[in-house]
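Each residue of the sequence shown is one higher than the last, beginning at 2 in the numbering used here. Glycine included, every Cβ here is placed at the ideal spot set by N, Cα and C. Below is one structure, written out as C-alpha cells; the observations come after it.
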Amino acid sequence: MATAKDPVCGMEVDPRKAAGRMEYQGKPYYFCSQECLKQFKGGPKKYVK
Ligand SMILES: [Zn+2]
Numbered sequence: 002m003a004t005a006k007d008p009v010c011g012m013e014v015d016p017r018k019a020a021g022r023m024e025y026q027g028k029p030y031y032f033c034s035q036e037c038l039k040q041f042k043g044g045p046k047k048y049v050k
C-alpha cells in the first residue's frame with residue numbers, strides 16, 4: 002500500500018510525504034497538511050469510527 006487516507010479531508014496521502022502524522026488508538030494516521038492534523042487533534046472521534 003503506497004498511500005494512506007487523510008481522515009479529515011479524505012485525500013490520498015503518501016505516508017513518506019505526509020505533512021503530519023499522528024497515532025490514535027494504536028493506528029497511524031497521515032495528513033495532507035498541518036491544518037488537517039490540527040483538526041484531527043481537536044476531535045479525532047469526529048473522523049474515526
Ligand atoms: Zn487533508
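Beta-carbon proximity check, residue i vs residue j, cutoff 8 Å
{"i": "Y31", "j": "V49", "result": "no"}
{"i": "K47", "j": "M23", "result": "no"}
Identity of the residue in the options nearest residue i by Cα
{"i": "C10", "options": "C33, K18, T4 and G43", "result": "C33"}
{"i": "K18", "options": "P45, D7 and Y25", "result": "D7"}
Spatial neighbours of residue i in its chain, beta-carbon cut-off 6 Å, leaving aside the 5 residues before and after
{"i": "P16", "result": "A5 and Y31"}
Cut-off 7 Å between Cβ atoms - residues of its own chain near residue i, not counting five sequence neighbours on either side
{"i": "A3", "result": "D15"}
{"i": "Q40", "result": "V9"}
{"i": "P29", "result": "R22"}
{"i": "Q35", "result": "A20 and G21"}
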